[in-house]
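Novice: Residue numbers (my numbering), protein chains in the order written: chain A, 269 to 574; chain B, 269 to 574; chain C, 269 to 574; chain D, 269 to 574. Got a structure for you, written out below as structure tokens; questions coming shortly.
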């Protein structure tokens with residue numbers, strides 16, 4: 269950790285490296301009715317531009333009349349000057365095939381706001397992986413309903429916003445949070461053990477762009493106090509689940525899950541300690557995949573191309 | 269597999285080997301209020317008999333006024349002639365310490381009835397591990413509400429009972445099943461993907477002696493069709509749970525659980541196929557632990573000393 | 269298991285089902301210098317035939333001048349009548365791109381010879397998964413240097429060849445084995461804990477078509493007695509490795525590996541017992557992938573598209 | 269993380285909490301010839317003092333004339349005033365049974381020196397777990413042959429010693445390091461990716477008190493560049509191993525190992541990134557167990573009572 273840096277200078281090295289490698293890299297994400305010719309159309313299009321396909325993944329819910337999901341990562345020399353034309357021309361490929369599509373540019377690193385309360389492990393893991401250069405995105409703000417983690421944010425040169433939330437002030441608090449997100453042009457909200465429920469309105473403002481870590485193996489132990497309930501039920505494995513946030517609590521599309529073995533000796537405190545390690549790893553994986561545009565959603569599920 | 273053997277001669281080799289090794293081996297299982305002196309009392313008692321402790325495990329819910337659970341495995345030379353006195357004398361140790369206790373003898377291999385329906389994977393795994401000499405107990409009967417798996421039972425020299433069950437005949441069917449259990453002096457009932465729910469009366473006849481395999485990571489997906497529901501929810505791991513059967517469906521004490529990673533490509537059929545492997549491993553582990561007297565239960569949870 | 273069947277009638281059901289589903293399915297496996305246009309050429313070709321791509325995977329050792337590996341699984345209506353033309357026409361796509369390529373037909377289920385010695389667990393697992401319909405290929409012969417497992421082969425309706433091997437008779441024995449393989453038109457040899465080393469000549473006759481299971485986590489414990497050596501070294505995990513057999517013992521391309529946790533209590537016998545479970549699972553996975561044409565090799569490594 | 273603290277004040281909170289809970293807690297670690305009466309003697313002794321056994325574990329290499337290893341954790345009211353007598357009296361128990369033994373006091377938190385080079389992940393994980401209160405010991409110094417990680421040490425209020433090492437200066441460097449260890453009364457040396465080999469003389473000064481993390485699944489890839497070699501060999505899992513350091517490089521008693529799945533897509537850089545996560549977790553687990561006196565060694569192996 270490099271202390272005392274200003275936000276401006278800190279991630280410069282990582283960014284410079286990223287720019288060199290990824291300046292010409294883009295990803296097409298699409299879904300469309302599955303029928304012969306989709307892969308041919310996309311790959312022919314890229315070939316016509318002299319693009320080099322780095323990785324191409326598809327998944328069809330059913331090769332016979334299902335829905336096709338695709339992610340193509342490619343390098344296109346001189347990409348930055350060709351973006352406008354690329355969009356325009358791909359639109360012509362996509363239209364007859366009824367595609368939902370998007371082109372994402374690796375150079376446009378996503379801007380992340382991390383929401384926390386008092387627990388620091390998920391925030392630390394994210395900042396640490398960021399500093400190690402493992403994330404293709406940049407935290408730009410830490411927002412909390414408690415003041416406790418301000419020093420960690422400061423140590424990484426990040427602005428910290430203390431926005432207390434009570435039942436009465438929830439509406440204003442969310443407005444203030446949304447203003448902060450807008451001010452920092454945030455692309456992704458990460459709820460890193462943020463112990464407040466977001467209102468439907470907030471969630472709708474960032475569809476499939478809010479990732480939460482739930483401290484259980486969903487759908488087991490939906491809701492509050494999952495470790496206490498895991499202890500009472502006497503489970504032999506505990507887990508954590510990273511998911512996109514939707515209006516229904518703990519019901520959004522699951523991105524990643526993992527578990528670890530426990531036994532009768534483990535107290536609730538032990539479960540929480542063991543759980544912290546699962547939580548931070550699972551959340552960091554989900555965030556990394558989102559930043560690399562590896563996740564598509566449909567029918568409240570995720571397709572993760574890894 | 270050795271085909272065409274009769275039940276009587278089949279497991280002779282395994283038994284002979286077991287007898288030599290385990291003739292002098294016994295296990296004390298106990299629970300009592302935790303206070304200083306319990307371990308001393310038990311170990312002093314065993315020492316006074318010149319027994320050799322093979323393994324001793326304890327677990328206290330709280331060293332300060334909690335409940336203590338203990339398992340001591342020991343070798344006592346000439347055990348078979350000393351059993352009566354052993355019981356009598358240990359009773360004198362146990363009484364002032366308010367112990368619930370039991371002495372189990374390794375030589376008394378538990379007799380197992382396996383309940384199945386149409387799926388064979390759990391039955392096969394158990395019979396296979398039995399034949400490999402990995403189980404300290406012996407299947408003595410296979411009971412099914414369908415005729416399909418009769419040949420497998422026959423191949424292992426086991427009697428197969430086809431007891432059809434319908435809503436109307438359930439009561440009689442259970443009476444017949446219970447009669448078969450009595451006839452074979454069954455110690456343990458294993459529900460190896462038996463697709464019928466046992467009545468509370470049946471369950472009470474074999475408390476903590478019926479092990480079921482549920483094809484999900486409980487408490488997720490309690491009840492029917494867990495793989496279908498796992499698919500719909502889009503989980504990233506699927507699991508299986510072995511538990512003692514109580515009056516409440518899928519709510520009994522959990523003995524063992526395990527999971528395996530799946531992804532969006534896996535169809536419901538794939539989940540079932542992957543799940544079969546988890547189910548058979550988890551069930552076999554739970555059965556082996558039960559047969560080795562490694563499991564104690566309390567508050568609808570298990571203490572498993574492995 | 270259905271006892272007493274003849275080899276001819278046994279797998280009929282599985283085959284019939286497979287035929288219906290897979291009659292029109294084929295897979296192109298290829299590798300070539302990576303450059304823009306390869307994916308486009310292949311997918312355009314398939315589109316021109318009105319084939320439906322089921323799954324397409326690529327891997328490039330380096331998008332910039334590396335080597336590209338690709339697997340395309342597709343359904344082509346009326347495939348059986350179009351195979352000759354398919355081959356001919358794809359050759360014209362492949363030639364200018366300098367491809368190594370092969371087209372495999374799902375309907376041509378691979379024919380498997382299983383080599384065993386005395387241990388049955390790997391053989392059983394394969395036969396079991398075969399019977400469950402999980403393998404896209406068919407065991408056609410069991411070959412052993414010991415007579416012990418003949419009954420298992422018989423129970424599954426498979427011919428069993430007892431071919432003893434001694435230092436003096438190794439050459440003749442291998443000739444006899446090779447004759448058996450030819451007679452049964454064997455596509456894949458699986459060494460399911462076969463405790464003999466094959467000569468280089470034998471290996472060369474089936475390049476990348478002999479899969480061995482080594483009972484350690486290679487490259488740890490190359491050679492004999494890995495469990496004994498794992499015990500002596502005090503490792504905390506033991507493993508198994510499935511690999512293609514090459515002239516160098518235990519040095520061939522690794523297909524799959526897995527491990528399981530052990531501890532100081534586990535004797536060598538325990539390691540072997542635990543290891544048996546890892547071995548059979550790892551071997552069965554590798555065999556299944558081979559049968560589904562998911563494995564390409566290069567530089568003594570495997571690319572496994574799962 | 270709390271920045272700008274001095275070493276003196278930092279861990280106060282953790283220590284205070286630990287003192288309250290653990291002031292009366294001690295652990296006896298012993299090994300002796302296995303024979304009836306050992307457990308009885310130890311437990312009787314503790315009972316006579318009115319001590320409460322928290323956990324007792326034993327392991328015998330062979331119940332019949334093997335060697336017995338035991339760990340007893342107990343609470344003894346007023347321990348601090350009774351330590352001298354405790355030692356004296358236990359000596360009388362131990363002598364006739366030919367025990368090697370030691371009593372460790374939970375209140376005497378072990379003092380840790382962390383050796384690092386340039387990589388920060390293992391150091392960070394240890395400091396983080398320490399700060400979270402998960403370690404029953406305290407880092408007191410960070411020693412490095414490079415200056416890079418000085419700021420991290422400073423951020424946690426720890427003295428940082430930059431001791432450059434070259435072939436010529438190795439002897440003096442080790443003398444300086446040993447002086448630092450003595451000055452800080454260090455109990456445990458943790459090599460947290462310290463890229464220098466310690467001389468036999470250094471190692472002998474801290475027998476079974478130096479823990480190293482090796483970045484492979486030992487005994488695979490002993491020595492330098494394990495990730496490069498894992499990549500070349502095409503393994504499907506990579507691992508890490510924490511072990512006590514002995515005179516033989518990478519040959520000391522293994523404390524803990526873990527692995528993670530990789531595939532053909534993973535470059536050497538990916539293996540290193542994935543490996544970092546395994547390394548830090550495995551090392552932290554081993555250190556925690558050492559601090560809690562859970563590890564005994566014999567025959568170049570460890571008995572870990574967890």
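For every residue, glycine included, the Cβ atom is placed at its ideal position computed from N, Cα and C. Since we're looking at a predicted model, the values are computed, not measured.
Is residue 528 (chain B) helix, strand or coil by DSSP?
Specialist: For the purposes of this step, residue 528 (chain B) is identified with residue 260 of the second chain, where counting begins at 1. If DSSP states are grouped into helix, strand and coil, residue 528 (chain B) belongs with the strands.
Novice: How would you write the range of the beta strand (DSSP E) that residue 328 (chain B) sits in, first residue to last?
Specialist: Along the second chain, one-based indexing puts residue 328 (chain B) at 60. Taken as a continuous stretch (DSSP letters only), the beta strand (DSSP E) holding residue 328 (chain B) covers 320-328.
Novice: Quick check for students: name the residue ranges of the beta strand (DSSP E) that lie wholly in the segment 405-457 of chain A, counting only runs of 3 or more.
Specialist: Within the segment 405-457 of chain A, the complete beta strand (DSSP E) runs of at least 3 residues are 405-412, 428-430.
Novice: Would you mind telling me which residues of chain D sit closer than 7 angstroms to residue 427 (chain C), beta carbon to beta carbon, in chain order?
Specialist: Numbered from its first residue, the third chain carries residue 427 (chain C) at position 159. Within chain D, no residue comes near residue 427 (chain C); the closest Cβ sits about 34 angstroms away, beyond 7 angstroms.
Novice: With 9 angstroms set as the bound, which would you pick, yes or no: does the beta-carbon of residue 555 (chain D) sit closer than that to a beta-carbon of chain A?
Specialist: As a working note, residue 555 (chain D) is residue 287 in the fourth chain. For residue 555 (chain D), the answer is no, since every Cβ of chain A falls outside 9 angstroms of its Cβ.
Novice: From which residue to which residue does the alpha helix (DSSP H) around residue 542 (chain C) run?
Specialist: Counting from 1 along the third chain, the entry for residue 542 (chain C) is found at position 274. Looking at the DSSP string, the run of the alpha helix (DSSP H) that includes residue 542 (chain C) is 536-559.
Novice: What residue range is occupied by the uninterrupted alpha helix (DSSP H) comprising residue 354 (chain C)?
Specialist: Reading the third chain from its first residue, position 86 is the one you call residue 354 (chain C). Note, residue 354 (chain C): alpha helix (DSSP H), 347-362.
Novice: Please name the residue in A:321, A:505, A:450 whose C-alpha comes closest to that of residue 538 (chain A).
Specialist: Within the first chain, numbered from 1, the residue matching residue 538 (chain A) stands at position 270. Here the closest residue by C-alpha is A:505.
Novice: With DSSP run on the structure shown, which of helix, strand or coil describes residue 343 (chain B)?
Specialist: Counting from one through the second chain, the residue named residue 343 (chain B) turns up at place 75. Residue 343 (chain B): strand per DSSP, three-state reduction.
Novice: Go ahead and pull the three-state DSSP assignment for residue 393 (chain B).
Specialist: Translated into the one-based positions of the second chain, residue 393 (chain B) becomes position 125. Three-state DSSP puts residue 393 (chain B) in a helix.
Novice: Please go through the same chain and pick out, in chain order, the residues whose beta-carbon is closer than 8 angstroms to the beta-carbon of residue 355 (chain A), but skip the five residues on each side of it.
Specialist: Residue numbering aside, residue 355 (chain A) sits at position 87 when the first chain is read from its first letter. Taken in chain order, the residues that qualify are 371.
Novice: Residue 331 (chain A) and residue 320 (chain C) - do their beta-carbons sit closer together than 9 angstroms?
Specialist: Looking up residue 320 (chain C) in the third chain gives position 52. Looking up residue 331 (chain A) in the first chain gives position 63. Contact flag set, yes.
Novice: Would you list the one or two residues that DSSP bridges to residue 497 (chain D)?
Specialist: Walking along the fourth chain from the start, residue 497 (chain D) turns up at place 229. The partner list for residue 497 (chain D) (beta bridge, DSSP) is empty, contrary to what the question assumes.
Novice: Any idea what DSSP makes of residue 488 (chain B), helix, strand or coil?
Specialist: Along the second chain, one-based indexing puts residue 488 (chain B) at 220. Of the three classes helix, strand and coil, the one that applies to residue 488 (chain B) here is coil, per DSSP.
Novice: Counting pairs of Cβ atoms below 8 angstroms between the segment 333-342 of chain B and the segment 294-306 of chain B, do you hit three or more?
Specialist: Enough Cβ pairs lie closer than 8 angstroms, so yes.
Novice: Considering Cα atoms alone, identify which of B:452, B:533, B:429, B:369 is closest to residue 502 (chain B).
Specialist: For the purposes of this step, residue 502 (chain B) is taken as the residue at position 234 of the second chain. Ranking B:452, B:533, B:429, B:369 by Cα distance to residue 502 (chain B) puts B:533 first.
Novice: If you draw a straight line from the alpha carbon of residue 379 (chain A) to that of residue 462 (chain A), how long is it in whole angstroms?
Specialist: Residue numbering aside, residue 379 (chain A) sits at position 111 when the first chain is read from its first letter. Residue numbering aside, residue 462 (chain A) sits at position 194 when the first chain is read from its first letter. The alpha-carbon atoms of residue 379 (chain A) and residue 462 (chain A) are separated by roughly 18 angstroms.
Novice: Flag this pair as yes or no: are the beta carbons of residue 549 (chain C) and residue 393 (chain C) separated by less than 9 angstroms?
Specialist: The sequence position of residue 549 (chain C) within the third chain is 281, counting from 1. The sequence position of residue 393 (chain C) within the third chain is 125, counting from 1. Taking 9 angstroms as the Cβ cut-off, residue 549 (chain C) and residue 393 (chain C) qualify as a contacting pair.
Novice: If you draw a straight line from the C-alpha of residue 571 (chain C) to the C-alpha of residue 554 (chain C), how long is it?
Specialist: Translated into positions along the third chain, residue 571 (chain C) becomes position 303. Translated into positions along the third chain, residue 554 (chain C) becomes position 286. Cα-Cα distance, rounded: 12 angstroms.
Novice: Apply the 10 Å Cβ neighbour rule to residue 524 (chain A) and answer buried if 16 or more other Cβ atoms are within range, or exposed otherwise.
Specialist: Locating residue 524 (chain A) in the first chain gives position 256, counting from the first residue. The residue in question, residue 524 (chain A), is buried, as its Cβ has 16 or more Cβ neighbours within 10 Å.
Novice: Measuring only between beta-carbons, confirm whether residue 525 (chain A) sits less than 9 angstroms from chain B.
Specialist: Walking along the first chain from the start, residue 525 (chain A) turns up at place 257. Interface residue, yes.
Novice: Is residue 305 (chain B) helix, strand or coil by DSSP?
Specialist: To locate residue 305 (chain B), count along the second chain from 1; it is residue 37. Looking at residue 305 (chain B) - three-state DSSP - the assignment turns out to be coil, as it is neither helix nor strand.
Novice: Ignore the nearest five residues each way along the sequence and tell me which others in residue 375 (chain B)'s own chain have a CB closer than 6 angstroms to its CB.
Specialist: On the second chain, position 107 is the one that residue 375 (chain B) refers to. Closer than 6 angstroms at the Cβ level, and outside the excluded window around residue 375 (chain B), lie 290, 291.
Novice: Under the three-state reduction of DSSP, which class applies to residue 366 (chain D): helix, strand or coil?
Specialist: The residue given as residue 366 (chain D) occupies position 98 in the fourth chain. Of the three classes helix, strand and coil, the one that applies to residue 366 (chain D) here is coil, per DSSP.
Novice: Mind pulling the chain B residues with CB within less than 7 angstroms of residue 377 (chain C)?
Specialist: Counting from 1 along the third chain, the entry for residue 377 (chain C) is found at position 109. Going along chain B, no residue has its Cβ under 7 angstroms from residue 377 (chain C), so there is no contact; the nearest lies around 18 angstroms.
Novice: Output yes if chain C places a C-beta closer than 9 angstroms to the C-beta of residue 295 (chain B); else output no.
Specialist: Residue mapping note: residue 295 (chain B) aligns to position 27 of the second chain, counting from 1. Not an interface residue.
Novice: Cα-Cα, which of A:517, A:404, A:509, A:419 is closest to residue 391 (chain A)?
Specialist: To locate residue 391 (chain A), count along the first chain from 1; it is residue 123. Closest option to residue 391 (chain A), Cα to Cα, is A:419.
Novice: Please list the partners that residue 505 (chain B) has in chain A, where partner means a Cβ-to-Cβ separation under 8 angstroms.
Specialist: Working through the second chain from its first residue, we reach residue 505 (chain B) at position 237. Per Cβ cutoff of 8 angstroms: 485, 507, 525, 526, 527.
Novice: Please tell me whether residue 468 (chain A) has its Cβ less than 9 angstroms away from any Cβ of chain C.
Specialist: Reading the first chain from its first residue, position 200 is the one you call residue 468 (chain A). Closer than 9 angstroms: no.
Novice: Does residue 568 (chain B) have its Cβ less than 9 angstroms from a Cβ in chain A?
Specialist: Along the second chain, one-based indexing puts residue 568 (chain B) at 300. Chain A contact via Cβ: present.
Novice: What first and last residue would you give for the beta strand (DSSP E) that runs through residue 503 (chain B)?
Specialist: Reading the second chain from its first residue, position 235 is the one you call residue 503 (chain B). From DSSP, residue 503 (chain B) is part of no beta strand (DSSP E); its letter is neither H nor E.
Novice: I'd like the ranges of any alpha helix (DSSP H) spanning at least 4 consecutive residues and lying wholly in the segment 460-486 of chain C.
Specialist: Qualifying alpha helix (DSSP H) stretches, in chain order: 468-473.
Novice: Are the segment 308-322 of chain D and the segment 343-363 of chain D touching, with three or more C-beta to C-beta distances below 8 angstroms?
Specialist: Touching, yes.
Novice: Are the Cβ atoms of residue 547 (chain D) and residue 481 (chain D) separated by less than 9 angstroms?
Specialist: Position 279 of the fourth chain holds residue 547 (chain D). Position 213 of the fourth chain holds residue 481 (chain D). Contact: yes.
Novice: Would you grab the beta carbon distance between residue 417 (chain C) and residue 558 (chain C) for me? Rounded to a whole angstrom, and I think it's under 8 angstroms.
Specialist: To locate residue 417 (chain C), count along the third chain from 1; it is residue 149. To locate residue 558 (chain C), count along the third chain from 1; it is residue 290. Not confirmed; about 22 angstroms, so no contact.
Novice: Kindly list the residues whose CB is nearer than 8 angstroms to the CB of residue 485 (chain C), restricted to its own chain and excluding five residues on each side of it in sequence; keep chain order.
Specialist: What you label residue 485 (chain C) is simply residue 217 of the third chain in a count that begins at 1. These residues qualify, in order along the chain: 505, 506, 507, 508, 509, 525, 527.
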